[in-house]
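Shown next, in structure tokens, is the structure this report addresses.
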Amino acid sequence: MGLFDKKPKIFQGVQAARIRFDSDSGSGDDDDWLGALNSRKRQKRGKLDDGRYVDPNRSLRHKKAFEHRIEGLRFIHAADVASLALKCTPVLGAKEDEVAVRLQYPSLQRRERYELVWGKDKIDAVHSIIAVVQHVADTYLTEDQAEPFTNHMTGIVRRLEKASNHRVQDLAAFKEALNEYNDRLWNLVKDGTITRNLDGRKELPRNFIAFILEQVYDRTVAPKVELLAKYENGTDNVYGELLHPFISSILVEKLQMTSDQVFVDLGSGVGNVVLQAALEIGCESWGCEMMENACNLADAQVKEFSARCLLWGIAPGKVRLERGDFRKNSRVHDALKRADVILVNNQAFTSQLNDDLVRMFLDLKSGCKIISLKSFVHDHKSASNDVGRTILEVEDMTYPEDYLEGLQAGLLVSE
């Protein structure tokens, strides 16, 4: 069967304020996106208590992270972006020569430097450190192993919180708890507990994924975010971001992407979605962006992302970012031919660019799914040269407004 012997189907988004995706999407009703198309994959995948399906072939452990310490590993320490030198204020009653601490991650890699300081729009050192300790306990340890970290009376998390309470501000107690955390985690890494536990997992908690991505963003994009405000509406050079919950809802819950698939983001901005797909799904993840400032920040994110994944001991999918016009990039065209899912944040694209995209879709493989933020089919059925209407079948979908902040979303399926 040729690619378009049968009309592909596009699920076009319409704004639906305060409407959330149906949690009973497996019931067989009209809200069960692509149920028939994904039935074979569902049979091969595990199922979590919350109904999400898990890729049984996903390998989470980053082997290099546990082989040896990579002396040349470079990453942006928290102290590089939030410090006394950057006019931040000491916390916990610390003097200037008492603010420096280090934080162990669940791998053999070196510890991150923090300064116990606070500054507006800067990394909150105390909050960040406590969050890392909590994520390590929740994600890398069994309930029994996590007891010294999470016990509600004597656990390390509780002691860190108590020492940083605004009424107490006990620097010595905070450092004592942090040092115990560092020592305990290091021993768990050295005796193989962390690697064994990671090998027993096939997925990562959503809040943990968001935390890693936020760590990367806070160290690379946030300090220079003003560079993204220089682009004008009315052109193809408009910057906007999609939120983590929306991407998870589409790629994982609805499309059930797996680690052996290929994802492509056309107009990838600073690379947020590309990195999320690589981390959350473990798939090969491509992006292409033409705005120079966004490209520069995306490159910085990729470098930090790779280093952060090593720190956390997590193996992401392969990431590849391209610069320039995706219509003219041969590597992007080759990736599109292999793609299983394509994202096009085309809400602000010109009509000409959207028409050019539809023509690019003619080369997609059977079964490729396209998520678009604006329909590729003209509003008027009588529109001439409407290639989109010729090759696409449209169906509406809904999404919560807090996922996209008023944008529209669609899904194209070619069979």
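The sequence shown runs 1 to 415 under the UniProt record's numbering.
Here a beta-carbon is modelled for each residue, glycine too, at the ideal position from N, C-alpha and C.
The model shown is predicted, which means the values in this text are computed figures rather than measured ones.
Tell me the residue span of the beta strand (DSSP E) that contains residue i.
| i | result |
| --- | --- |
| F263 | 262-266 |
| I342 | 341-344 |
Use the C-beta contact count for residue i: other C-beta atoms within 10 angstroms, 16 or more gives buried, fewer gives exposed.
| i | result |
| --- | --- |
| V225 | exposed |
| M153 | exposed |
| G324 | exposed |
| H244 | buried |
| I190 | Note that residue 190 is Lys in the sequence shown, not Ile. When all chains shown are included, K190 counts as exposed. |
| A229 | exposed |
| S128 | buried |
| T350 | exposed |
| V319 | buried |
| K162 | exposed |
| Q352 | exposed |
| V168 | exposed |
| L362 | exposed |
| D367 | Checking the sequence, you will find Gly at residue 367 rather than Asp. By the 10 Å Cβ count, G367 comes out exposed. |
| G200 | exposed |
| F21 | At F21, the pLDDT of 25 sits below 50, so the modelled position is not reliable; the number obtained from the coordinates is stated separately. Classification for F21: buried. |
| Q43 | Caution is warranted here: a pLDDT of 37 is assigned to Q43, below 50, making its placement in the model unreliable, and the coordinate value is therefore given only provisionally. Under this definition Q43 is an exposed residue. |
| N272 | buried |
| G192 | exposed |
| L242 | buried |
| H68 | exposed |
| E96 | exposed |
| E284 | buried |
Closer than 7 Å: is that where the CB of residue i sits relative to any heavy atom of the ligand PLP?
| i | result |
| --- | --- |
| I370 | Here there are no bound small molecules, and the ligand PLP is not part of this structure. |
Any idea which residues DSSP pairs residue i with across the strands?
| i | result |
| --- | --- |
| S285 | F263, V319 |
| V274 | Answer by DSSP bridge pairing: none, since V274 is not bridged. |
| A100 | E115 |
| R61 | I314 |
| T89 | W118 |
| V221 | Paired residue(s): none; V221 is not in a bridge. |
When you compare each of the options to residue i by their alpha carbons, which one comes out closest?
| i | options | result |
| --- | --- | --- |
| V133 | R320, D340, I212, W286 | I212 |
| I130 | T193, I123, V157, A137 | V157 |
| V136 | R167, E176, Y181 | Y181 |
| R196 | L141, S366, Q169, I70 | L141 |
| H166 | E115, E98, G93 | G93 |
| A339 | C309, L373, L73, M257 | M257 |
| K337 | V264, V216, T220, E71 | V264 |
| A146 | G200, M291, I194 | I194 |
| N296 | V221, S366, V341 | V221 |
| E322 | G313, W312, H333 | H333 |
| L103 | P56, R184, V274 | R184 |
| C288 | G267, V274, A294 | G267 |
| R58 | K254, L198, R69 | L198 |
| Q276 | R327, F208, R331, N187 | F208 |
| L84 | L343, G119, N151 | G119 |
| G282 | T150, Q261, M360, K64 | Q261 |
| I123 | G269, R206, P223 | P223 |
| I76 | F326, V302, K369, R331 | V302 |
| A294 | L343, I370, G269, F326 | G269 |
| E280 | R159, L251, M291, I70 | L251 |
| R159 | A177, N329, L343 | A177 |
| I371 | K365, I247, M290, M360 | I247 |
| K328 | D121, M360, L310 | M360 |
Taking residue i and residue j to be in contact with their CB atoms under 8 Å, please state how far apart those CB atoms are, rounded to whole angstroms.
| i | j | result |
| --- | --- | --- |
| H62 | A315 | 4 Å |
| T89 | V117 | 6 Å |
| A307 | R74 | 6 Å |
| L373 | N345 | 5 Å |
| W286 | A335 | 5 Å |
| R113 | A79 | 4 Å |
| E304 | V358 | That belief does not hold up - the Cβ atoms of E304 and V358 are roughly 35 Å apart, past 8 Å. |
| I91 | V126 | Residue identity differs from the one stated: residue 91 is Val in this sequence, not Ile. That belief holds up - the Cβ atoms of V91 and V126 are roughly 6 Å apart, short of 8 Å. |
| W312 | P106 | 6 Å |
Note the first and the last residue of the continuous alpha helix (DSSP H) segment covering residue i.
| i | result |
| --- | --- |
| I371 | It is not in any alpha helix (DSSP H) - I371 instead sits in the beta strand (DSSP E) that spans 369-372. |
| L171 | 171-190 |
| V133 | 125-140 |
| F149 | 143-150 |
| Q109 | Careful: Q109 lies outside any alpha helix (DSSP H) and carries neither H nor E. |
| R159 | 156-163 |
| F75 | Element bounds for F75: n/a, residue is neither H nor E. |
| Q352 | 351-360 |
| P245 | 244-248 |
| K337 | 330-338 |
| D199 | 193-199 |
So, is the C-beta of residue i closer than 8 Å to a C-beta in chain C?
| i | result |
| --- | --- |
| A300 | Included in the structure is just one protein chain, with no chain C present. |
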